[in-house]
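A.B. asks: One structure follows; several queries about it will come next.
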Amino acid sequence: MSRVYNFSAGPAVLPEEVLREAAEEMLDYKGCGMSVMEMSHRSKMFQQIIDEAEQDLRDLMGIPDNYKVLFLQGGASQQFAAVPMNLMKNGKAGYIITGQWAKKAFQEAKKYGQAVELASSADKTFSYIPDCSDLDIPEDADYVYICQNNTIYGTVFKQLPNTKGKELVADVSSCFLSEPIDVTKYGVIYGGVQKNVGPAGVVIAIIREDLIPEEPPVKDTPTMLAWKTQADAGSLYNTPPCYGIYICGKVFKWLKKMGGLAAMKAHNEKKAAILYDFLDQSKMFKGTVRKEDRSLMNVPFVTGDADLDAKFVAEAKKAGFENLKGHRTVGGMRASIYNAMPIEGVEKLVAFMKKFEEENA
Ligand SMILES: *Cc1c(COP(=O)(O)O)cnc(C)c1O
């Protein structure tokens with residue numbers, strides 16, 4: 527068996543330890559004679575799995591009691607609709623457009639109410655985070671929406687926008703659990719787990735209780751998209767993505783063992799610095815994002831020559847570095863270096879880049 531260094535943006539690398547444990551438990555989970563895949567979501571065994579996962583997540587993030595934690599399906603994209611459906615009491619919201627995912631959420635919100643663009647970095651191919659210290663936010667906006675870490679472009683909000691008292695809603699798919707955050711600054715935090723937390727198929731939503739409406743303000747909101755449906759049912763209104771939740775739970779335990787989110791942040795900063803420091807001195811490769819806004823998770827870079835980019839990606843693959851091709855809409859390269867990417871993976875990638883640069887100078 528051999529494993530590659532997987533720099534995929536998502537689904538992405540998971541901790542090897544978690545995969546091994548899951549493999550060991552595959553046929554017989556803790557003596558119950560079946561796999562977690564085969565057990566009833568109404569069983570005591572599964573209830574324990576989901577309860578523990580929720581508690582571990584609460585511990586890791588310091589989630590206050592007045593926030594619900596929901597394990598949902600439909601991916602982050604489903605929440606692009608659920609957010610306006612549940613929150614648009616006044617039928618209005620402000621969106622900050624920092625990339626494709628924010629834009630998709632914005633366009634979806636327009637179907638259900640008035641979505642207003644508050645700021646955008648589209649003018650420079652989303653290579654920076656716009657100044658959000660003094661936005662022109664409509665008085666009656668129900669919330670302000672951000673995509674906190676922009677997976678495709680490699681930017682991150684290092685400072686949250688000044689929402690002038692409006693609720694902040696954040697898609698954290700690609701920076702989930704990569705560093706500590708202050709949950710109380712947000713009304714809603716949600717993310718698909720397949721970037722940094724677990725297998726595709728689960729989206730976790732952390733929602734302040736008073737923002738979960740009895741009846742969604744958008745007429746004819748499907749039962750499954752009303753947050754209250756799942757909040758009242760402990761995420762078990764219908765069959766949840768059981769196996770995915772189980773793996774997420776294992777990743778939470780792994781994170782706790784690694785020292786929690788502060789330790790993870792230090793680890794991620796160290797890792798990212800190895801790559802960014804190299805990019806900053808290289809004559810061939812360069813980062814595409816304004817320095818202040820660089821993501822710790824997704825690192826896009828280019829040589830400036832599309833043929834050379836393609837040659838690099840192909841040779842890197844042969845050397846065991848997978849999925850370095852940039853997003854199809856931006857080209858170049860992108861190294862996603864999520865929590866589970868070991869430091870050696872980045873060190874070896876940089877050594878490979880140095881060698882490639884020498885050989886192709
Ligand atoms: C990948 C991604 C999405 C889309 O996630 P799905 O689960 O495929 O719907 C949304 N937002 C961000 C920031 C992402 O990285």
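Numbering (our numbering), first residue to last: 527 to 887. Yeah, the Cβ is synthetic: ideal placement off N, Cα and C, and Gly gets one too. Here the structure is a predicted model, which means the values were calculated and not measured.
(1) Can you tell me whether DSSP reads V670 as helix, strand or coil?
(2) Ordered along the chain, which non-local residues of its own chain (more than five positions away) have a Cβ less than 6 Å from that of V698?
(3) Please confirm if the segment 812-824 is in contact with the segment 668-685, defined as three or more CB-CB distances below 8 Å between the two stretches.
(4) Which residue spans inside the segment 609-641 form an unbroken alpha helix (DSSP H) run of at least 4?
(5) Sort out for me which residues DSSP pairs K469 with in a bridge.
(6) What is the C-beta distance between L586 and K796, in whole angstroms, given that I count them as a contact (C-beta under 8 Å)?
(7) Flag this pair as touching only if the segment 589-607 and the segment 763-773 have three or more C-beta atom pairs under 8 Å; answer yes or no.
(8) Do D536 and ligand 1 come close, with the Cβ less than 7 Å from some heavy atom?
(9) Determine the direct distance from the alpha carbon of K615 to that of Y669, and round the result to whole angstroms.
(10) I'd like to confirm something about A635: is its beta-carbon nearer than 7 Å to some heavy atom of ligand 1, or not?
(11) Secondary structure at T829, three-state DSSP: helix, strand or coil?
(12) Whole angstroms is fine: what's the gap from G775's alpha carbon to A789's?
(13) From A635, P537, S653 and Q640, pick the residue whose C-alpha is nearest to that of R816; which is it?
(14) Please find out if some non-hydrogen atom of ligand 1 comes closer than 7 Å to the beta-carbon of Q893.
(15) Going by C-alpha to C-alpha distance, which of G601, V723, Y593 and G713 sits closest to E705?
(16) Any heavy atom of ligand 1 closer than 7 Å to the CB of G601?
(17) For G846, which residues in the same chain have their Cβ closer than 7 Å to its Cβ, ignoring the five residues on either side in sequence?
(18) Return yes when the C-beta of S704 is under 7 Å from any heavy atom of ligand 1, and no when it is not.
(19) Quick one: using the 10 Å Cβ neighbour count with 16 as the cut-off for buried, is I869 buried or exposed?
(20) Taking a contact to mean a Cβ-Cβ separation below 8 Å, would you say E537 touches V777 in this structure?
(21) For E735 and D657, what's the separation of their Cα atoms in angstroms?
(22) Based on the DSSP secondary-structure assignment, which residues constitute the bridge partners of E709?
C.D. replies: Per the coordinate set shown:
(1) strand
(2) Q674, I715 and G717
(3) yes
(4) 626-636
(5) Within the shown structure, residues of the chain are numbered from 527 to 887, placing residue 469 beyond reach of any answer.
(6) No, L586 and K796 are not in contact; Cβ-Cβ is about 20 Å, not under 8 Å.
(7) yes
(8) For the record, residue 536 in the displayed sequence is Gly; it is not Asp. Indeed, a heavy atom of ligand 1 lies less than 7 Å from the Cβ.
(9) 10 Å
(10) no
(11) coil
(12) 19 Å
(13) S653
(14) The requested residue 893 is not part of the displayed model; the chain covers only 527 to 887.
(15) V723
(16) yes
(17) V530 and Y531
(18) no
(19) exposed
(20) With the sequence shown as reference, residue 537 is identified as Pro, and Glu is not the correct amino acid for it. No, the Cβ-Cβ distance between P537 and V777 is not below 8 Å.
(21) 30 Å
(22) Glu is not the amino acid found at residue 709; the sequence shown has Val there. Answer is none; V709 lacks a bridge partner.
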